[in-house]
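With the numbering used here applied, the sequence shown corresponds to residues 130 to 167, in that order. All C-beta atoms, glycine included, are put in the ideal place defined by N, C-alpha and C. The next block holds one structure in the form of structure tokens; read it before the comments.
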Amino acid sequence: MSQPKPLMNYSPGALIFMGFMVVAFILAAGYLAVLVLE
């Protein structure tokens, strides 16, 4: 069983990619919520 890596061990590109995925997921969820609620 390997220990999960600390955040500092990731490359800047990986951090940017993960941050982009989080933002895209939030935007998509908000967009779907607006479509459903209207």
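Through-space distance from residue j to residue i, alpha-carbon basis
i: Val152; j: Ile145; result: 11 Å
i: Glu167; j: Phe154; result: 20 Å
i: Val163; j: Phe149; result: 21 Å
i: Leu156; j: Val165; result: 14 Å
i: Pro141; j: Gly159; result: 27 Å
i: Met147; j: Leu161; result: 21 Å
Distance cut-off 7 Å: residue i Cβ against heavy atoms of the ligand ATP
i: Leu161; result: The ligand ATP is absent from the structure shown, which contains no ligand whatsoever.
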